[in-house]
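In the numbering used here, the protein residues as written are 80 to 437. Backbone N, C-alpha and C define an ideal beta-carbon position, used for all residues, glycine too. None of the values given here were measured: they were computed from a predicted structure. Report on the structure given below.
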C-alpha cells in the first residue's frame, strides 16, 4: 500500500492538468447538485447559486488542499521554480550565459579542490601499513632540515636495527628510446630496498635484488604501469626487452602494479650506484625513506636515531662542520608519512607534524 501510495503521488506530478480538469468537473457537479436542492426548497436560481457556493466554502482553498494531498508538494514547487528560472534566463541569453559559466567555473574549481584534498589528505596511502613509513632528515640546527650524505646514509643502514627497510631516492630525467619513438621522461635513482619500503611487489617480473645497486652490477630498470601501457603496448614479453636510458641499455626486470605509483611523476626506476667521489659527508643530496619494523613507534625511532647520532657525532663534526657548528645542537629525526601528503601530486607525505628535535 505504501508503494502504491507513493507511486500515485509521483504520477500526480506528470498528470497535473488532467487531475485539475477532473477536480474542476467534480466541483462543478457538486455545486449543480447543491443548486438543484436549494431551488427544490423554494429559493430562486440566483439565491440557490449563492447558497450552494456559500455552503461549499472556498473553492480555491479546497483546490490547494486537494493538490497537497494528491502530490509531492515540494517536488511540485521545485518543478515550478525550475520552469520559472528557465523562462527568466531565456528572456536574457547574455546574462544566462555568464551565470551558467560562473556556476560551471565555481563547481569545477570546488570539485578539483575536493578531489585533491580527498586524494592527499583523506584517503590512506596506497601502500600496506603506511603508518610504518617514515622519512629521515638531518637537523644541524633546530630550524634547519637537510637531506643527508652518502656515508651518513650507509651508517644508518648498517646500524639502524629499527628499520625493516631503508632506502634513498633521487629524481632524474633521461632520454627514453622505445623503437622509433624517443622522449625525455622523469624517473628515480633508488637503492635496492626502495620497493620494500613501500611494500610493493612487481606486477610482472621482480623489483631490485640486493647487490644491483653496487658498482659493477648489470644495468637494470623497473617500469611504471603507465609506461608499460603507453610506450610498450602492455607487451606481455616485456621482460625480454631492454630500455635505452640516455643511450645506455638497461635490462627490464619488472613492471609495477597499477595504482601504487600512478600519482608519481617517475615512469622508471633504476639503481642508484654511488661513485667513489660521492662517498663523503659533505654533500647533503640524498632523500632517505624507511619502513619501521613491526611494533616500533615513531618515538622509539627518534630515540634510536638520537643514540646513533651521539655515537657518530664526533666523526660527523670532524669531517663536515666548521667549529661554529660544533657549538650548536644538531640532530637527526624521523617523520611519519601516513598523516598528510605534500609530495607533488602523489598521495605521500613526509612533512606532516612538528617532530621533536633530538
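Simplified DSSP assignment, three categories, for residue 341: Taking the chain shown and counting its residues from 1, the one referred to as residue 341 is at position 262. Coil, per DSSP.
By Cβ distance below 7 Å, which residues in the same chain neighbour residue 240 in space, the five residues on each side in sequence not counted? Taking the first residue of the chain shown as position 1, residue 240 is located at position 161. Nothing meets the Cβ criterion.
Would you say residue 269 and residue 247 are within 8 Å of each other, going by their C-beta atoms? By 1-based counting over the chain shown, the position of residue 269 is 190. By 1-based counting over the chain shown, the position of residue 247 is 168. With a cutoff of 8 Å on beta-carbon distance, residue 269 and residue 247 are scored as near each other.
Within the continuous beta strand (DSSP E) that includes residue 328, where are the two ends? Against the chain shown, residue 328 aligns to sequence position 249. Note, residue 328: beta strand (DSSP E), 327 to 334.
For residue 352 and residue 304, the rounded distance between their alpha carbons: Numbered from 1 along the chain shown, position 225 holds the residue referred to as residue 304. Numbered from 1 along the chain shown, position 273 holds the residue referred to as residue 352. Approximately 24 Å between the Cα atoms of the pair.
Using beta-carbon positions only, say whether residue 338 and residue 209 come within less than 8 Å of one another. Here residue 338 refers to the residue found at position 259 when the chain shown is read from its first residue. Here residue 209 refers to the residue found at position 130 when the chain shown is read from its first residue. Cβ distance not < 8 Å, so residue 338 and residue 209 don't count as in contact.
Please name the residue, chosen from 326, 230, 309, 213, that lies closest to residue 378 on a Cα-to-Cα basis. Working through the chain shown from its first residue, we reach residue 378 at position 299. The candidate whose alpha carbon is nearest that of residue 378 is 213.
Going along the chain, which residues of its own chain have a beta-carbon closer than 7 Å to the beta-carbon of residue 230, five neighbours each way excluded? On the chain shown, position 151 is the one that residue 230 refers to. Hits under 7 Å: 358, 359, 360.
Cα-Cα separation, residue 334 to residue 343: Here residue 334 refers to the residue found at position 255 of the chain shown. Here residue 343 refers to the residue found at position 264 of the chain shown. Each residue's Cα considered, the two are about 15 Å apart.
Taking the beta strand (DSSP E) that residue 348 falls in, what are its first and last residues? The residue labelled residue 348 in the question sits at position 269 within the chain shown. Note, residue 348: beta strand (DSSP E), 347 to 350.
Backbone CA spacing between residue 97 and residue 136 [nearest angstrom]: Numbered from 1 along the chain shown, position 18 holds the residue referred to as residue 97. Numbered from 1 along the chain shown, position 57 holds the residue referred to as residue 136. Straight-line Cα distance between these residues: approximately 23 Å.
Can you tell me the Cα-Cα spacing of residue 368 and residue 355, whole angstroms? Here residue 368 refers to the residue found at position 289 of the chain shown. Here residue 355 refers to the residue found at position 276 of the chain shown. So the two alpha carbons sit approximately 23 Å from each other.
Identity of the residue in 298, 297, 271, 281 nearest residue 289 by Cα: The residue labelled residue 289 in the question sits at position 210 within the chain shown. For residue 289, the closest alpha carbon among the candidates 298, 297, 271, 281 is that of 271.
Leaving out the 5 sequence neighbours to the left and right, which residues in its chain are closer than 8 Å to residue 252 when beta-carbon positions are compared? Looking up residue 252 in the chain shown gives position 173. If we look at residue 252 and ignore the five residues flanking it on each side, its Cβ neighbours are 263, 264, 265, 266.
Which class does residue 368 belong to by DSSP, given the choice of helix, strand or coil? In the chain shown, the residue the question calls residue 368 occupies position 289. Residue state, collapsed to three classes: strand.
CB-CB under 6 Å to residue 496, same chain, minus the five flanking residues each way: which ones, in chain order? The question about residue 496 has no answer, for the chain in this structure spans 80 to 437.
State the beta-bridge partners of residue 174 as determined by DSSP. As a working note, residue 174 is residue 95 in the chain shown. According to DSSP, residue 174 bridges with nothing at all.
Whose C-beta lies closer than 8 Å to the C-beta of residue 320 among residues of the same chain, with five residues either side of it excluded? Walking along the chain shown from the start, residue 320 turns up at place 241. Excluding sequence neighbours, residue 320 sits near 311, 314, 331.
Mind checking which residues open and close the alpha helix (DSSP H) that includes residue 131? Taking the first residue of the chain shown as position 1, residue 131 is located at position 52. Counting along the chain, the alpha helix (DSSP H) containing residue 131 begins and ends at 124 to 135.
Contact belief for residue 168 with residue 175 at Cβ below 8 Å, rounded distance in angstroms: Numbered from 1 along the chain shown, position 89 holds the residue referred to as residue 168. Numbered from 1 along the chain shown, position 96 holds the residue referred to as residue 175. Indeed, because the Cβ distance is near 4 Å, the residues count as touching under 8 Å.
Hey, quick one: how far does the beta strand (DSSP E) through residue 96 stretch, first residue to last? Against the chain shown, residue 96 aligns to sequence position 17. Per DSSP, residue 96 belongs to no beta strand (DSSP E); it is in the alpha helix (DSSP H), 95 to 119.
Check the C-beta distance from residue 225 over to residue 363 and give it rounded, since I have them as a contact under 8 Å. The residue given as residue 225 occupies position 146 in the chain shown. The residue given as residue 363 occupies position 284 in the chain shown. Rounded, the Cβ-Cβ distance is 4 Å, consistent with contact.
Ignoring anything shorter than 3 residues, give me the beta strand (DSSP E) runs that lie fully in the region 205 to 271, in order along the chain. Entirely contained in the region 205 to 271, the beta strand (DSSP E) runs reaching 3 residues are, in chain order, 212 to 220, 223 to 225, 242 to 257, 260 to 269.
Have a look at residue 374 and residue 326 and give me their C-alpha separation to the nearest angstrom. Working through the chain shown from its first residue, we reach residue 374 at position 295. Working through the chain shown from its first residue, we reach residue 326 at position 247. Note on geometry: alpha-carbon atoms of residue 374 and residue 326 lie some 45 Å from one another.
Going by beta-carbon coordinates alone, are residue 244 and residue 275 separated by less than 8 Å? In the chain shown, the residue the question calls residue 244 occupies position 165. In the chain shown, the residue the question calls residue 275 occupies position 196. A contact, by the Cβ cut-off of 8 Å.
If you run the structure through DSSP and keep just helix, strand and coil, what is residue 316? Start at 1 with the first residue of the chain shown, and residue 316 comes out as number 237. Reduced to three states, the DSSP call for residue 316 is coil.
Cβ atoms of residue 114 and residue 131: under 8 Å apart, would you say? Mapped onto the chain shown, residue 131 falls at position 52. Mapped onto the chain shown, residue 114 falls at position 35. The answer is yes: Cβ separation under 8 Å.
DSSP three-state label for residue 358, please. For the purposes of this step, residue 358 is identified with residue 279 of the chain shown, where counting begins at 1. Coil.
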